[in-house]
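K.L.:
Below are the structure tokens for one structure; questions will follow.
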Amino acid sequence: MGNWFIFYVKTGREQEACDFLNKVFDKKESVAFIPQIETILRNSKGIIKCLKPMFPGYVFLDSTLDEAMIVNITYKYTRLSKCIYRILGKENFTYMKIDNSEKKFLLQFLNDEYVTEESKGLIIGDKIYVTLGPLKGRESIIKKIDRHKRRAEIEIACFGELRRINVSLEVVSKIK
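Below is the structure:
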């Protein structure tokens, strides 16, 4: 669509903030969304897939509007919301929208519903080889693997800094 803007919101109330932003902004020009990760949980009943925010406390806005218009609308309406704190970088327009390289990198991980799906791979010796999913071909960003919880900790550059996030990774087999 256009530029991505990031809102700092109350953690745990991301969906409420996303719904509020979608009501405030015109659907043709702007869409608020929460990038999410599909996580696998095991309990006594079996395996459950659930969604959790990739960046807790943040809501993204994909908009064709310019920065000044976004700030104007944000200042006008977000005071009415109890869960939205502020838009990131509101003092300086150059830091407001997310960088195109970061946006492109995140879009490679997310599907059409802004969800990072589970990846599958195998371990040969000390190396991981991802065969399916968004981590395929990006094994170098994996910093840590927890085979029992089916998670991989990856390091990505977002919001101008390096962040570590957990994504789902099922290691199908381990070959020595």
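For the sequence shown, counting from 1, position 102 maps to 102 in the UniProt record's numbering; every step adds exactly one. Think of the CB as a built atom: it goes at the ideal place given N, C-alpha and C, for glycine as much as any other residue. Remember, predicted model here, so these are calculated numbers, not experimental data.
Give me the DSSP bridge partner(s) of Pro-134.
P.N.:
Its beta-bridge partners do not exist; DSSP assigns none.
K.L.:
Identify which residue in Leu-41, Glu-67, Ile-47 and Gln-36 has its Cα closest to the Cα of Ile-165.
P.N.:
Answer by Cα proximity: Gln-36.
K.L.:
In angstroms, rounded to a whole number, what distance separates the CA positions of Lys-176 and Asn-43?
P.N.:
Cα-Cα distance, rounded: 29 Å.
K.L.:
Please report the Cβ distance between Glu-170 and Arg-150, rounded to the nearest whole angstrom; I am assuming they are in contact, meaning their Cβ atoms lie under 8 Å.
P.N.:
Indeed they touch by this definition, with Cβ atoms about 5 Å apart.
K.L.:
Would Phe-7 and Leu-61 qualify as a contact pair, given that the criterion is a beta-carbon distance under 8 Å?
P.N.:
Contact: yes.
K.L.:
Per DSSP, which one or two residues make a beta bridge with Gln-36?
P.N.:
According to DSSP, Gln-36 bridges with Pro-53 and Val-115.
K.L.:
What are the partner residues of Leu-61, as DSSP defines its beta bridges?
P.N.:
BP columns for Leu-61 point to Phe-5 and Ala-32.
K.L.:
Label Gly-121 either buried or exposed according to how many other C-beta atoms from any shown protein chain fall within 10 Å of its C-beta, with 16 as the threshold for buried.
P.N.:
When all chains shown are included, Gly-121 counts as buried.
K.L.:
Assign Glu-14 to buried or exposed, taking buried as 16 or more other Cβ atoms, counted over all protein chains shown, within 10 Å of its Cβ.
P.N.:
Buried.
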